[in-house]
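Below is one structure, written out as structure tokens, with a few remarks after it.
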Amino acid sequence: MVALIPWSVWIIFLPLLTGIFAFLFRGRGAQLGIVTAVGLLPPLIGLTWQVLSCGPQHYSVGGWGAPLGIDLYADGLSIIMLVMTALVGIGTTFYATGYYSPTGETKEKNHQQDPALFWSLWLLLWAALNCLFLSADVFNLYVALEFLGLSAVALVALAGGPSAVAAAMRYLLVSLLGSLSYLLGVALLYFAHGTLSLGLLAESVTSSPASFAATTLMTAGLVMKTALFPLHFWLPPAHANAPAPVSAVLSALVVKASFYLLLRLWFQVFTNTVTPSVALLLGILGVAAIFWGSVQALMAQRLKLLVAYSTVAQLGYIFLVFPLAQGKGTGFSAWCGGLYFILSHACAKAAAFLAAGTVLYGFGHDRIDELAGITQRLPVTMFAFGVAGVSLIGLPPSGGFIGKWLLLNAALAGGQWWWAIVIIIGGLLAAAYVFRFFSRAFSYVEQVPICRDVPWSMELTALALGLSAMALGIIATQPLAVMQIGAPLAGPVLTGGLP
Amino acid sequence: MSLDFWLPLMIVLSSLVPGILIFCLPEDRIGLRTAANLVGATAKLLLTAVMIWGVFHGHVYETRLPLLPGMDLVLSADALSVLFATLSAILWFLTTLYAIAYLEASPQSRSRFFGFFSLCVSSTVGFALAGNLITFVMFYEMLTLSTYPLVVHRGSPESMRAGKIYLAYTLSGGAVLLIAVAWLKALVGPLDFTEGGMLVAFAGLYRHEFIVIFALLIAGLGVKAALVPLHGWLPVAMVAPAPVSALLHAVAVVKAGAFGIVRVVYDIYGIEFAAKLGVLGPLAAVASFTIVYGSLRALNQDGLKKRLAYSTVSQVSYIALGAAVLGPVATIGGLVHLVHQGLMKITLFFCAGNLAETLGIHYISEMDGVGRRMPSTMAAFTLGALGMIGVPPLAGFISKWYLGAGGLAAGQDWIILVLAASSLLNAGYFLPIIYRAWFKEPRGPWPEDNYGGWLETHWMLLLPALITALLALAAGLLADSPFSPLQWARLIAAREYGL
Amino acid sequence: MNISLLYSLVGLALFSLGLYGLIAYGHLLRKILAVNVMGSGAFLILVALARGWRQTSPDPVPHAMGLTGLVVAVSATALALALACRVQETTGSTQLTEDGSD
Chain X
0 MVALIPWSVW IIFLPLLTGI FAFLFRGRGA QLGIVTAVGL LPPLIGLTWQ
50 VLSCGPQHYS VGGWGAPLGI DLYADGLSII MLVMTALVGI GTTFYATGYY
100 SPTGETKEKN HQQDPALFWS LWLLLWAALN CLFLSADVFN LYVALEFLGL
150 SAVALVALAG GPSAVAAAMR YLLVSLLGSL SYLLGVALLY FAHGTLSLGL
200 LAESVTSSPA SFAATTLMTA GLVMKTALFP LHFWLPPAHA NAPAPVSAVL
250 SALVVKASFY LLLRLWFQVF TNTVTPSVAL LLGILGVAAI FWGSVQALMA
300 QRLKLLVAYS TVAQLGYIFL VFPLAQGKGT GFSAWCGGLY FILSHACAKA
350 AAFLAAGTVL YGFGHDRIDE LAGITQRLPV TMFAFGVAGV SLIGLPPSGG
400 FIGKWLLLNA ALAGGQWWWA IVIIIGGLLA AAYVFRFFSR AFSYVEQVPI
450 CRDVPWSMEL TALALGLSAM ALGIIATQPL AVMQIGAPLA GPVLTGGLP
Chain F
0 MSLDFWLPLM IVLSSLVPGI LIFCLPEDRI GLRTAANLVG ATAKLLLTAV
50 MIWGVFHGHV YETRLPLLPG MDLVLSADAL SVLFATLSAI LWFLTTLYAI
100 AYLEASPQSR SRFFGFFSLC VSSTVGFALA GNLITFVMFY EMLTLSTYPL
150 VVHRGSPESM RAGKIYLAYT LSGGAVLLIA VAWLKALVGP LDFTEGGMLV
200 AFAGLYRHEF IVIFALLIAG LGVKAALVPL HGWLPVAMVA PAPVSALLHA
250 VAVVKAGAFG IVRVVYDIYG IEFAAKLGVL GPLAAVASFT IVYGSLRALN
300 QDGLKKRLAY STVSQVSYIA LGAAVLGPVA TIGGLVHLVH QGLMKITLFF
350 CAGNLAETLG IHYISEMDGV GRRMPSTMAA FTLGALGMIG VPPLAGFISK
400 WYLGAGGLAA GQDWIILVLA ASSLLNAGYF LPIIYRAWFK EPRGPWPEDN
450 YGGWLETHWM LLLPALITAL LALAAGLLAD SPFSPLQWAR LIAAREYGL
Chain V
0 MNISLLYSLV GLALFSLGLY GLIAYGHLLR KILAVNVMGS GAFLILVALA
50 RGWRQTSPDP VPHAMGLTGL VVAVSATALA LALACRVQET TGSTQLTEDG
100 SD
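Residue numbers (numbering that gives the first Met the number 0), protein chains in the order written: chain X, 0 to 498; chain F, 0 to 498; chain V, 0 to 101.
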């Protein structure tokens, strides 16, 4: 009986309902947020259990079925993304209860932020993410993508202030451009194959001109939304100017959502239309992103901007999956490495942004040069930032290390050693920008800047997320087992020995 | 799941758990913090004692936890790891005592200091007990990370600069090491340490790759072992508080690098296989050059800690030299120096710290007549210094004797020349200090110290120095008794050469 | 000439025109209009393809997709217009400056 419960519907509808309620019953946002965070656990555990014991799950909402009804689908990849969303989401929710608490009304840029708007938009965004990770057809994915983009843009604009509004505007235009490009691809796919279902498309897509055009359009749109260099220009201002909990969600989850879709399409649907040269191009752009993002992070004057540019660099890594998966016998290793990288980056980046937000909250600014000695004022937050930094650099024991190790193995075993060098150098660059901040924060000065009281929930959630990024470095076997379920690529997880 | 399984992990946890506990303690809970430190240190000593007994009787202790498919986290105890683990357990105990007194009046956070101090020791012990190269790399990086906050503890611009240089060197070294390990793993699979060498089984394959990988491994480890020209960070890192310098030079970082070289030569490549590949000659040359160069640089340093630092550069390479010469006698010389150098150097650093803390003496030129003011400290210093020079019957003599004899036995007579030159130079930079301290007239009255009482300084500063000095004396005098460092080194050599 | 092919080509032309407008013009209102032109192009293609080559009764699925897309486009335009007003309120400009990073 338990096996038949449609958990996936609950996973989408719970945040959708609470998001609407949060708008209707202003002032109850925090409670609704916590209800969502706790309430999502049982269905999520239920769904994970179903997928683990019975393999990938299908569900037709309302019994309508394709083509007009809405189909839901969950496999290992979906579970990983859902769990990642829940981890970051729960952390962000608890952080926001402190950040938007009545006593700690944030005075960022002299603009009163409305907590009710934050709560309803954030819960809707959560619903959009869950919907995206569970959708089984390309058009529903489009709707989820737009839903996600619109709520994310509105969240960025919440901070008020000229730079935040301008960043939100830019983000909106890019996001719309990306989704329209995607939509056009969907139209072509339907025209060529008469179906929207991912599963059916996977069987029917051949290398026809229409499929090529669709591949190009959809890839271009999604790459834009994922902010791959050189289409990353919108990301740093948007992520750096948003309120702290929003930045965390944007960097940890929202950019991953479009990348998730890219993974699905490339490895499941477009297997016949993608060519090694396009994969190579994406990889090269990824390399450029690693270098460009890291250099910009090294030069950033503000902490949140540093973290935002770090996202640009880290997103570059996950695009290495495409060329690495082309190697002989290394496909599955690259797939797992990329997913593991996404997972641990989500935890680490959320922790880093939340910690940076705490610094901004406590000191009223985040100019790195004026933050000397702040470890004395916010030791827990700085520790959280440090732990997150370790994972971002990819040092053991952290999830970032496991991801990097798998990618490294895929590169070496596939005879593509040049990517391995990029991976290593990227890690050193990350160390440079992380420790550039730390060498300020650890300085001993007589006059440490004054810090106002920070709610404990803000400090502890950042720490908890940072520690989960660490924990991912130790419990790697379980997530890897989940990734295997329904994975489009088969093969061993390469950790040594030539295939 | 018994003691045999858990003992290695327990030894690592015996300092890790107190470390985490200390992070959580408020700054003013001095009593509880001290208790946590001492309980942890004592537990580690006792557990190590159990392990010594067990390994001597041929017991196998191994903690093996799956990390990734085909890749385990292995902590195991063989004769070599027990040698290093015991050294760190004993010296950690003494250094903790010393540090508690040393940092009594420090304005910086002591919770942070002792927390990272414990993490540092945990990493060192983990490094000692690592049973394969992956685990080894993990603890290598953890060691880098946990020592950084110790090096920059004072937070002055000078120490921040030292921290930056330290990180630049060690993280780059770590990156090189990681590349080498990933490459080797891609070639031959699991990298468990095997007495007699694990690559022996692949003799005849990948000859060129093995040579390049050897160079990369040694370069990566050589940064920590401060092999010239990778030694630049060590003299700069002298700005750290005395207990940190003591631990860095005697046990943790530098020694870990040297220990790593020993591991790679004996348990990965196997000394005979390495000799066949022709990689030992270059290693011996680099080590010899470092020995002479470090001593030469030490000659004209006026800063006491700086002279000791260059002395470390020189002395640690004895260990690498011992590993680079084929034959059990040289092996014994190198291995026994791992312990002897630790005991002698930590004595010297304790004494330097006592001088600085009690009388504000940082330069050798200020040491005139200090032997009369602090006789016990200077007596310990003299013992350590004479040991370094190699005066019989002190510990250093034993090391040099075996190294020289090993060189002769291997037909490499030039090693005697290196040893003689080095001993002359050792005398050249240590004897003037001893002469000044005992035989020159003080320049003026000594400043009042804060400790009062009949002792020359705080008893917790004096006691560790005296104990390590006596241990260094005993290691030389009682070299032939069971469980002496020399006997244990013989045991290791016997097992490595399969005698 | 096939009628649905003609509509598709017109849709494609609209899409490209909108894309050009989005990149070429700085005024926010023009940009928003350009996005709408792009959207119209995409929807036109959807509707045209509903007829398909088969010349039978139109397929309802692309119509449903077009309708849903319209709803999305309307809400997106509303948000964009509101944001554009805010940009003008807070910065006094109807264009986005080159560097929005601080």
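Backbone N, C-alpha and C fix where the C-beta goes; we use that ideal spot for every residue, glycine too.
Margin query: Just to make sure I have the definition right: I need the residues of chain X whose C-beta is within less than 7 Å of the C-beta of isoleucine 178 (chain F). Which are they?
Written below: Here residue 178 (chain F) refers to the residue found at position 179 of the second sequence. Residues of chain X passing the Cβ test: Ala419 and Ile423.
Notebook entry, point to check: Between the C-alpha atoms of isoleucine 491 (chain F) and isoleucine 331 (chain F), what's the straight-line distance to the nearest angstrom?
Noted result: Along the second sequence, read from residue 1 onward, the residue named residue 491 (chain F) stands at position 492. Along the second sequence, read from residue 1 onward, the residue named residue 331 (chain F) stands at position 332. Those two C-alpha atoms are separated by around 8 Å.
Note to self: Under DSSP, the beta strand (DSSP E) around proline 65 (chain F) begins and ends at which residues?
What the structure shows: Walking along the second sequence from the start, residue 65 (chain F) turns up at place 66. That run of the beta strand (DSSP E) goes 60-67.
Next item on the list: Report the rounded CA-to-CA distance for serine 59 (chain X) versus aspartate 136 (chain X), giving the unit in angstroms.
Entry: Here residue 59 (chain X) corresponds to residue number 60 of the first sequence, with the count starting at 1. Here residue 136 (chain X) corresponds to residue number 137 of the first sequence, with the count starting at 1. About 11 Å.
Check: Considering leucine 71 (chain X), what are the terminal residues of the beta strand (DSSP E) in which it resides?
Finding: The count along the first sequence starts at 1 and reaches residue 71 (chain X) at position 72. Where leucine 71 (chain X) is concerned, the enclosing beta strand (DSSP E) stretches over 70-73.
Next item on the list: Confirm, please, whether the CB-CB distance from alanine 461 (chain X) to phenylalanine 384 (chain X) is below 9 Å.
Entry: In the first sequence, the residue the question calls residue 384 (chain X) occupies position 385. In the first sequence, the residue the question calls residue 461 (chain X) occupies position 462. It is a contact, given that the beta carbons lie within the stated cut-off.
Checklist line | Contact residues within the stretch 180-214 of chain F, judged by C-beta distance below 9 Å to chain X | finding: Ala181, Trp182, Leu183, Lys184, Ala185, Leu186, Val187, Gly188, Pro189 and Leu190
Notebook entry, point to check: beta strand (DSSP E) containing alanine 76 (chain F): first to last residue?
Noted result: Reading the second sequence from its first residue, position 77 is the one you call residue 76 (chain F). Alanine 76 (chain F) -> beta strand (DSSP E) spans 70-76.
Check: Quick one: Cα of proline 431 (chain F) to Cα of phenylalanine 436 (chain X), how far?
Finding: Residue 431 (chain F) sits at position 432 when you count from the first residue of the second sequence. Residue 436 (chain X) sits at position 437 when you count from the first residue of the first sequence. Their Cα atoms are separated by approximately 43 Å.
Check: So, does the CB of glutamine 415 (chain X) fall closer than 9 Å to a CB anywhere in chain F?
Finding: To locate residue 415 (chain X), count along the first sequence from 1; it is residue 416. Answer no: the Cβ-Cβ gap between glutamine 415 (chain X) and chain F never drops below 9 Å.
Check: Measuring CB to CB, does glutamine 49 (chain X) end up less than 9 Å from alanine 29 (chain X)?
Finding: Locating residue 49 (chain X) in the first sequence gives position 50, where the first residue counts as 1. Locating residue 29 (chain X) in the first sequence gives position 30, where the first residue counts as 1. No, Cβ-Cβ distance for glutamine 49 (chain X) and alanine 29 (chain X) is not below 9 Å.
Checklist line | Three-state secondary structure (DSSP) of serine 397 (chain X) | finding: For the purposes of this step, residue 397 (chain X) is identified with residue 398 of the first sequence, where counting begins at 1. Three-state DSSP puts serine 397 (chain X) in coil, outside helix and strand.
Item checked: Minimum Cβ-Cβ distance from leucine 28 (chain V) to chain X less than 9 Å -> Looking up residue 28 (chain V) in the third sequence gives position 29. False, the Cβ-Cβ gap to chain X never drops below 9 Å.
Check: Are proline 235 (chain X) and valine 173 (chain X) close, meaning C-beta to C-beta below 9 Å?
Finding: Residue mapping note: residue 235 (chain X) aligns to position 236 of the first sequence, counting from 1. Residue mapping note: residue 173 (chain X) aligns to position 174 of the first sequence, counting from 1. Not in contact: proline 235 (chain X) and valine 173 (chain X) (Cβ atoms no closer than 9 Å).
Margin query: Residues of chain C with CB closer than 8 Å to the CB of arginine 111 (chain F), please, in chain order.
Written below: The chain labelled as chain C is not found among the protein chains of the depicted structure, namely X, F and V.
Next item on the list: May I ask you to list the residues that DSSP assigns as paired with alanine 129 (chain F)?
Entry: The sequence position of residue 129 (chain F) within the second sequence is 130, counting from 1. Answer by DSSP bridge pairing, in chain order: F:Leu74.
Note to self: Need the endpoints of the alpha helix (DSSP H) that glutamine 325 (chain X) sits in, please.
What the structure shows: By 1-based counting over the first sequence, the position of residue 325 (chain X) is 326. Where glutamine 325 (chain X) is concerned, the enclosing alpha helix (DSSP H) stretches over 320-325.
Check: Is the CB of phenylalanine 434 (chain X) under 9 Å away from at least one CB in chain F?
Finding: Translated into positions along the first sequence, residue 434 (chain X) becomes position 435. By this cut-off, phenylalanine 434 (chain X) is an interface position.
Next item on the list: Would you please state the rounded distance, in angstroms, between the beta carbons of leucine 66 (chain F) and alanine 129 (chain F)? I believe it to be under 8 Å.
Entry: Within the second sequence, residue 66 (chain F) is the residue found at index 67, counting from 1. Within the second sequence, residue 129 (chain F) is the residue found at index 130, counting from 1. Wrong, their Cβ atoms sit about 12 Å apart, outside the cutoff.
Notebook entry, point to check: How would you label isoleucine 79 (chain X), buried or exposed, when you count the other beta carbons within 10 angstroms and need 16 or more for buried?
Noted result: Taking the first sequence and counting its residues from 1, one reaches residue 79 (chain X) at position 80. Its Cβ being crowded by 16 or more others within 10 Å, isoleucine 79 (chain X) is buried.
Next item on the list: Determine, using beta carbons only, whether isoleucine 267 (chain F) and leucine 325 (chain F) come nearer to each other than 9 Å.
Entry: Against the second sequence, residue 267 (chain F) aligns to sequence position 268. Against the second sequence, residue 325 (chain F) aligns to sequence position 326. For isoleucine 267 (chain F) and leucine 325 (chain F), no; Cβs fall outside 9 Å.
Notebook entry, point to check: Any idea which residues DSSP pairs glycine 302 (chain F) with across the strands?
Noted result: For the purposes of this step, residue 302 (chain F) is taken as residue 303 along the second sequence, with counting starting at 1. Partner(s): F:Tyr362.
Check: Can you find a CB in chain F that lies within less than 9 Å of the CB of leucine 302 (chain X)?
Finding: By one-based count along the first sequence, residue 302 (chain X) stands at place 303. No, because no Cβ of chain F sits closer than 9 Å to the Cβ of leucine 302 (chain X).
Note to self: In whole angstroms, give me the CA-to-CA distance for valine 175 (chain F) and phenylalanine 22 (chain F).
What the structure shows: Counted from its first residue, the second sequence places residue 175 (chain F) at position 176. Counted from its first residue, the second sequence places residue 22 (chain F) at position 23. Looking at the two C-alpha atoms, the distance is approximately 32 Å.
Check: Going by other Cβ atoms of all chains shown within 10 Å of its Cβ, with 16 needed for buried, is tryptophan 505 (chain F) buried or exposed?
Finding: What is shown of chain F runs 0 to 498, which leaves residue 505 (chain F) out entirely.
Notebook entry, point to check: Quick one: is the Cβ of isoleucine 31 (chain V) within less than 8 Å of any heavy atom of the ligand MG?
Noted result: As for the ligand MG, it is missing from this structure, which has no ligand bound.
Note to self: Is isoleucine 401 (chain X) close to chain F? Criterion is C-beta to C-beta, closer than 9 Å.
What the structure shows: Counting from one through the first sequence, the residue named residue 401 (chain X) turns up at place 402. Chain F contact via Cβ: present.
Notebook entry, point to check: So, glycine 497 (chain F) versus glycine 195 (chain F), is the Cβ gap smaller than 9 Å?
Noted result: Position 498 of the second sequence, counted from the start, is the residue given in the question as residue 497 (chain F). Position 196 of the second sequence, counted from the start, is the residue given in the question as residue 195 (chain F). Going by C-beta atoms, glycine 497 (chain F) is nearer than 9 Å to glycine 195 (chain F).
Item checked: Partners in chain X for glycine 20 (chain V), counting only beta-carbon separations shorter than 8 Å -> The residue given as residue 20 (chain V) occupies position 21 in the third sequence. By Cβ distance, chain X contributes nothing, its closest Cβ being about 11 Å from glycine 20 (chain V), past 8 Å.
Next item on the list: Return no unless some Cβ of chain X is closer than 9 Å to the Cβ of leucine 48 (chain V).
Entry: Numbered from its first residue, the third sequence carries residue 48 (chain V) at position 49. Answer yes: the Cβ-Cβ gap between leucine 48 (chain V) and chain X drops below 9 Å somewhere.
Note to self: Just to confirm my understanding: we take arginine 153 (chain F), look at its own chain, exclude 5 residues before and 5 after, and list those with CB closer than 8 Å. What are they?
What the structure shows: On the second sequence, residue 153 (chain F) is found 154 positions in, with the first residue counted as 1. Same-chain partners within the cutoff: Gln107, Val238, Ala239 and Pro240.
Next item on the list: Note down, in chain order, each residue of its chain lying with its Cβ closer than 6 Å to the Cβ of alanine 308 (chain F), except the 5 sequence neighbours on either side.
Entry: Stepping through the second sequence from its first residue, residue 308 (chain F) is reached at position 309. Counting only Cβ-Cβ distances below 6 Å, and skipping sequence neighbours, we find Leu233, Pro234 and Met237.
Item checked: Option in F:Leu15, F:Leu2, F:Phe92 and F:Met9 with minimal Cα separation from threonine 41 (chain F) -> In the second sequence, residue 41 (chain F) corresponds to position 42, counting from 1. That would be F:Phe92, whose Cα lies nearest to the Cα of threonine 41 (chain F).
Next item on the list: Identify the contact partners of methionine 217 (chain X) in chain V, using a Cβ-Cβ distance below 9 Å as the criterion.
Entry: Along the first sequence, read from residue 1 onward, the residue named residue 217 (chain X) stands at position 218. Those within 9 Å of methionine 217 (chain X) in chain V number zero; the least Cβ separation is about 13 Å.
Check: What number of angstroms, rounded off, separates the C-alpha of glycine 99 (chain V) from the C-alpha of threonine 35 (chain X)?
Finding: Within the third sequence, residue 99 (chain V) is the residue found at index 100, counting from 1. Within the first sequence, residue 35 (chain X) is the residue found at index 36, counting from 1. Any reading at glycine 99 (chain V) must be qualified, since the residue scores a pLDDT of 43, below 50, and its modelled position is unreliable; no value is offered.
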